[in-house]
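Colleague:
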Amino acid sequence: MRDEQWARQRAEAVRLQGERLQARQDAEHGRAEGLLREFVAAARAAGLTPVPLRVLGYGGRGTARTPLEGWYLRVDRTAGISTDGDFYVLTAPIGLLDRVRGFRPEPRRPPLLLGAGGKDGDTIPLVDALERLLPGWSAG
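Here the sequence shown is numbered in my numbering, starting from 7 and rising by one per residue.
Structure, rendered in C-alpha coordinates:
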(Lines of atoms letter the chains of each structure in order from A and count residues from 1; the text may use other names and numbers.)
(Lines give C-alpha, C1' and ligand atoms only; values in the text may rest on other atoms or scores of the structure.)
Protein backbone atom coordinates (compact mmCIF):
# COMPACT_ATOMS: atom_id res chain seq x y z
CA MET A 1 0.00 0.00 0.00
CA ARG A 2 2.78 2.39 0.91
CA ASP A 3 4.58 1.80 -2.41
CA GLU A 4 1.37 2.53 -4.33
CA GLN A 5 0.86 5.78 -2.46
CA TRP A 6 4.47 6.81 -3.09
CA ALA A 7 4.11 5.98 -6.80
CA ARG A 8 0.91 8.08 -7.04
CA GLN A 9 2.60 11.02 -5.32
CA ARG A 10 5.61 10.81 -7.63
CA ALA A 11 3.38 10.59 -10.70
CA GLU A 12 1.44 13.67 -9.54
CA ALA A 13 4.70 15.57 -8.86
CA VAL A 14 5.98 14.70 -12.35
CA ARG A 15 2.69 15.81 -13.91
CA LEU A 16 2.76 19.15 -12.06
CA GLN A 17 6.38 19.75 -12.98
CA GLY A 18 5.56 19.04 -16.63
CA GLU A 19 2.67 21.52 -16.53
CA ARG A 20 4.90 24.20 -14.99
CA LEU A 21 7.59 23.63 -17.61
CA GLN A 22 5.03 23.88 -20.41
CA ALA A 23 3.65 27.12 -18.92
CA ARG A 24 7.17 28.63 -18.74
CA GLN A 25 7.89 27.61 -22.34
CA ASP A 26 4.57 29.03 -23.54
CA ALA A 27 5.32 32.32 -21.77
CA GLU A 28 8.79 32.46 -23.34
CA HIS A 29 7.44 31.77 -26.81
CA GLY A 30 4.72 34.37 -26.30
CA ARG A 31 7.28 37.04 -25.37
CA ALA A 32 9.42 36.10 -28.39
CA GLU A 33 6.39 36.22 -30.72
CA GLY A 34 5.59 39.69 -29.40
CA LEU A 35 9.17 40.83 -30.06
CA LEU A 36 8.98 39.54 -33.62
CA ARG A 37 5.67 41.33 -34.28
CA GLU A 38 7.12 44.58 -32.93
CA PHE A 39 10.29 44.14 -34.97
CA VAL A 40 8.43 43.54 -38.25
CA ALA A 41 6.38 46.71 -37.70
CA ALA A 42 9.54 48.69 -36.90
CA ALA A 43 11.40 47.19 -39.88
CA ARG A 44 8.58 48.14 -42.26
CA ALA A 45 8.40 51.66 -40.82
CA ALA A 46 12.19 52.03 -41.17
CA GLY A 47 12.18 50.68 -44.72
CA LEU A 48 14.42 47.70 -43.89
CA THR A 49 14.50 45.71 -47.11
CA PRO A 50 13.65 42.02 -46.72
CA VAL A 51 15.72 39.43 -48.58
CA PRO A 52 14.77 36.05 -50.04
CA LEU A 53 15.30 33.41 -47.35
CA ARG A 54 17.10 30.19 -48.27
CA VAL A 55 17.37 26.87 -46.46
CA LEU A 56 20.80 25.40 -45.79
CA GLY A 57 21.21 21.65 -46.10
CA TYR A 58 22.42 19.71 -43.07
CA GLY A 59 26.18 19.69 -42.88
CA GLY A 60 26.36 22.70 -45.20
CA ARG A 61 25.33 20.58 -48.16
CA GLY A 62 23.82 23.08 -50.55
CA THR A 63 20.94 25.49 -50.27
CA ALA A 64 17.39 25.63 -51.52
CA ARG A 65 15.22 28.64 -52.20
CA THR A 66 12.02 29.17 -50.26
CA PRO A 67 8.91 31.21 -51.03
CA LEU A 68 9.77 33.38 -48.00
CA GLU A 69 11.14 36.87 -47.70
CA GLY A 70 12.40 38.32 -44.48
CA TRP A 71 15.57 38.73 -42.48
CA TYR A 72 18.22 36.32 -41.22
CA LEU A 73 18.49 36.36 -37.44
CA ARG A 74 21.84 34.60 -37.26
CA VAL A 75 25.03 35.43 -39.14
CA ASP A 76 25.24 31.79 -40.29
CA ARG A 77 21.73 32.17 -41.82
CA THR A 78 20.30 29.20 -39.94
CA ALA A 79 17.33 31.12 -38.49
CA GLY A 80 15.14 33.83 -39.91
CA ILE A 81 11.96 35.82 -39.58
CA SER A 82 9.51 36.28 -42.43
CA THR A 83 7.85 39.56 -43.30
CA ASP A 84 4.75 38.08 -41.63
CA GLY A 85 6.64 37.81 -38.33
CA ASP A 86 6.95 34.02 -38.39
CA PHE A 87 10.14 32.37 -37.09
CA TYR A 88 11.92 29.73 -39.18
CA VAL A 89 14.80 27.37 -38.61
CA LEU A 90 16.55 27.49 -41.96
CA THR A 91 18.36 24.17 -41.94
CA ALA A 92 16.87 20.96 -43.28
CA PRO A 93 17.76 17.64 -44.88
CA ILE A 94 17.45 18.90 -48.47
CA GLY A 95 18.03 16.78 -51.52
CA LEU A 96 18.62 17.47 -55.19
CA LEU A 97 14.90 17.83 -55.88
CA ASP A 98 14.58 20.43 -53.11
CA ARG A 99 17.47 22.40 -54.59
CA VAL A 100 15.72 22.43 -57.97
CA ARG A 101 12.09 22.91 -56.90
CA GLY A 102 12.64 24.83 -53.69
CA PHE A 103 11.74 24.02 -50.12
CA ARG A 104 8.96 25.27 -47.85
CA PRO A 105 10.02 25.30 -44.19
CA GLU A 106 7.36 25.27 -41.50
CA PRO A 107 7.17 28.16 -39.03
CA ARG A 108 8.12 27.38 -35.44
CA ARG A 109 7.49 29.05 -32.14
CA PRO A 110 10.42 31.39 -31.55
CA PRO A 111 12.78 31.11 -28.59
CA LEU A 112 14.10 34.06 -26.60
CA LEU A 113 17.59 32.57 -26.94
CA LEU A 114 18.65 31.47 -30.41
CA GLY A 115 20.88 28.41 -30.46
CA ALA A 116 20.21 27.37 -26.86
CA GLY A 117 21.63 23.94 -26.22
CA GLY A 118 24.24 24.36 -28.94
CA LYS A 119 27.97 24.86 -28.68
CA ASP A 120 29.38 27.63 -26.52
CA GLY A 121 29.36 30.89 -28.44
CA ASP A 122 26.56 29.75 -30.73
CA THR A 123 23.79 31.33 -28.67
CA ILE A 124 22.45 34.84 -29.05
CA PRO A 125 19.49 36.46 -27.36
CA LEU A 126 16.67 37.12 -29.83
CA VAL A 127 16.57 40.80 -28.89
CA ASP A 128 20.31 41.13 -29.73
CA ALA A 129 19.80 39.45 -33.11
CA LEU A 130 16.99 41.88 -33.90
CA GLU A 131 19.08 44.83 -32.70
CA ARG A 132 21.88 43.77 -35.06
CA LEU A 133 19.43 43.94 -37.98
CA LEU A 134 17.91 47.29 -37.07
CA PRO A 135 19.83 49.18 -34.39
CA GLY A 136 17.60 51.13 -32.03
CA TRP A 137 14.37 49.52 -33.25
CA SER A 138 13.11 48.90 -29.73
CA ALA A 139 13.95 52.30 -28.29
CA GLY A 140 10.60 52.38 -26.51
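Each residue gets a CB set at the ideal place from its N, CA and C atoms; glycine is no exception.
#1: Using the beta-carbon count (16 or more within 10 Å), is T55 buried or exposed?
#2: Hey, is the stretch 22-42 in contact with the stretch 131-144, meaning 3+ C-beta pairs nearer than 8 angstroms?
#3: Comparing alpha-carbon positions, which option in A48, R8, Q31 lies nearest G142?
#4: Give the secondary structure of V106 by DSSP, where H, G and I count as helix, E and B as strand, and everything else as coil.
#5: Consult DSSP for V133 and reduce its assignment to one of helix, strand or coil.
#6: By the three-class DSSP mapping on this structure, what secondary structure does G68 have?
#7: I'd like to check one pair, G76 with T97: are the Cβ atoms closer than 7 angstroms?
#8: Contact between the stretch 68-75 and the stretch 105-117: three or more CB pairs below 8 angstroms?
#9: Are the beta-carbon atoms belonging to G115 and H35 less than 7 angstroms from one another?
#10: Can you give the Cα-Cα distance for R83 and A51, rounded to whole angstroms?
#11: Less than 7 angstroms between the beta carbons of D78 and G86, yes or no?
#12: Is the CB-CB distance between T129 and L119 below 7 angstroms?
#13: Just tell me which of R30, Y94, R105, L103 has its CA closest to the CA of G121.
#14: Rounded C-beta distance between Y64 and P117? I'm assuming under 8 angstroms.
Modeller: So, from the data block:
#1: exposed
#2: yes
#3: A48
#4: helix
#5: helix
#6: coil
#7: no
#8: yes
#9: Going by the sequence as given, residue 115 is Arg instead of Gly. Yes. Within cutoff.
#10: 24 angstroms
#11: Note on identity: in this sequence residue 78 is Tyr, with Asp being the wrong assignment. For Y78 and G86, yes; Cβs fall inside 7 angstroms.
#12: yes
#13: Y94
#14: No, Y64 and P117 are not in contact; Cβ-Cβ is about 20 angstroms, not under 8 angstroms.
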